[in-house]
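Working notes, structure below.
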Amino acid sequence: MREGTLDEISDGRFYEANDMVKADCQGCEGCHACCEGMGDTLLLDPLDVHRLAVFLGKTAASLLEGELSLAVQDGLILPYPAVVGEKETCIFLDGNGRCRVHAARPGYCRIFPLGRYYEDGEFRYILQIHECDRRKTKVKVKKWVDTPELARYERFVRDWHYFVRELQQKLASSGDPDYVRKVNLFFLRAFYQKEYEPEGDFYEQFYDRLRKARAIFA
Ligand code: SF4
Ligand code: SF4
696 MREGTLDEIS DGRFYEANDM VKADCQGCEG CHACCEGMGD TLLLDPLDVH RLAVFLGKTA
756 ASLLEGELSL AVQDGLILPY PAVVGEKETC IFLDGNGRCR VHAARPGYCR IFPLGRYYED
816 GEFRYILQIH ECDRRKTKVK VKKWVDTPEL ARYERFVRDW HYFVRELQQK LASSGDPDYV
876 RKVNLFFLRA FYQKEYEPEG DFYEQFYDRL RKARAIFA
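Read in this note's numbering, the sequence shown has 714 at position 19, and its numbers run on one by one without any break.
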């Protein structure tokens with residue numbers, strides 16, 4: 696989440712999967728600036744955590760007790776990669792300044808320096824102009840996002856975002872600490888701690904959980 700108008704943070708344009716955008720920073724050779732100083736801002740969605748767990752050969756629950764920390768954003772508990780040292784370096788950065796989970800890096804890391812702009816139940820990509828000084832070349836958005844089944848992934852990103860916003864609004868208007876605690880326990884368990892079957896289709900499993908959660912929180 697960023698403060699500021701679109702014109703202040705971006706080149707003022709919206710991008711979609713088939714558009715070309717000047718975002719390719721050439722493999723970030725010799726730079727890891729955006730893997731430091733991020734505090735608790737790199738919030739992870741359920742696919743991020745599932746993908747990291749499979750890649751690292753761990754359970755999601757053990758990641759949540761180790762490499763991941765928990766932040767409270769608008770009343771809702773969400774995981775993010777732990778940060779270490781004075782520079783608040785992402786725990787997944789190795790000693791050579793490279794990402795040791797590159798193949799399973801979170802969605803926000805995949806799109807950076809692109810960002811997502813949510814509006815009217817959808818989202819589009821924006822190019823953040825103050826986030827990476829490197830000279831960049833043009834690349835197709837879908838190549839840059841580097842995610843299989845992109846249309847399904849984008850639908851998941853959109854649905855997750857608006858579900859989280861909806862829950863946060865419910866929590867904000869409840870004023871009942873016991874309700875807030877129960878919602879958070881259910882939310883963490885249902886979407887993060889409970890394993891997704893690695894051989895199964897992630898999105899089918901996710902939408903099954905989302906339907907059940909919506910029925911409970913309706
Ligand atoms: S600041 Fe730019 S070049 Fe450096 S790591 Fe981030 S995206 Fe890559
Ligand atoms: S997961 Fe990898 S790319 Fe993302 S912030 Fe951490 S080290 Fe950087």
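Note that CB positions come from ideal geometry on N, CA and C, so glycine has one too.
{"Asked": "In DSSP terms, what threonine 842 is bridged to", "Found": "According to DSSP, which records beta bridges pairwise, threonine 842 is partnered with nothing at all."}
{"Asked": "Aspartate 719, DSSP secondary structure in three states", "Found": "strand"}
{"Asked": "For glycine 780, the nearest candidate out of Ala867, Leu862, Glu731 and Asp871 (CA to CA)", "Found": "Glu731"}
{"Asked": "The stretch 738-752 / the stretch 801-810 touching (three or more Cβ pairs under 8 Å)", "Found": "yes"}
{"Asked": "Close-in-space but distant-in-sequence residues of the same chain around phenylalanine 851 (CB under 7 Å, 5 per side omitted)", "Found": "Leu742, Tyr898 and Phe901"}
{"Asked": "Three-state class that DSSP yields for glycine 918 in the structure shown", "Found": "What the structure shows of the chain is the stretch from 696 to 913, and residue 918 is not part of that stretch, so it cannot be assessed."}
{"Asked": "Segment contact flag, the stretch 750-764 with the stretch 808-825, C-beta cutoff 8 Å, min 3 pairs", "Found": "no"}
{"Asked": "Contact belief for alanine 718 with leucine 809 at Cβ below 8 Å, rounded distance in angstroms", "Found": "5 Å"}
{"Asked": "Nearest-residue set for ligand 1, Cβ under 6 Å from any heavy atom", "Found": "Cys720, Cys723, Cys726, His727, Ala728, Cys729, Phe807, Pro808, Cys827 and Arg829"}
{"Asked": "Heavy atom of ligand 2 within 7 Å of phenylalanine 882 beta-carbon", "Found": "no"}
{"Asked": "Identity of the residue in Arg811, Lys837, Ala748 and Glu861 nearest glycine 707 by Cα", "Found": "Arg811"}
{"Asked": "Touch test, the stretch 855-864 against the stretch 835-844, Cβ-Cβ under 8 Å, three pairs minimum", "Found": "no"}
{"Asked": "C-beta atoms of histidine 825 and leucine 788 nearer than 8 Å", "Found": "no"}
{"Asked": "Simplified DSSP state of leucine 796, which is helix, strand or coil", "Found": "Looking at the sequence shown, residue 796 is not leucine but valine. Here valine 796 sits in coil by DSSP."}
{"Asked": "Cβ pair asparagine 713, lysine 835 closer than 8 Å", "Found": "yes"}
{"Asked": "Beta-carbon proximity check, proline 776 vs leucine 765, cutoff 8 Å", "Found": "no"}
{"Asked": "Arginine 819: first and last residue of the uninterrupted beta strand (DSSP E) it sits in", "Found": "817-822"}
{"Asked": "Host alpha helix (DSSP H) of leucine 739 (start-end)", "Found": "Leucine 739 -> no alpha helix (DSSP H), and no H or E assigned at all."}
{"Asked": "Reduced DSSP secondary structure (H/G/I, E/B, other) of glutamate 731", "Found": "strand"}
{"Asked": "Own chain, CB closer than 7 Å to asparagine 879, minus 5 neighbours either side, in chain order", "Found": "Leu771 and Ile772"}
{"Asked": "Local conformation of alanine 766 per DSSP, three classes", "Found": "strand"}
{"Asked": "Whether arginine 906 touches alanine 885 by CB criterion (8 Å)", "Found": "no"}
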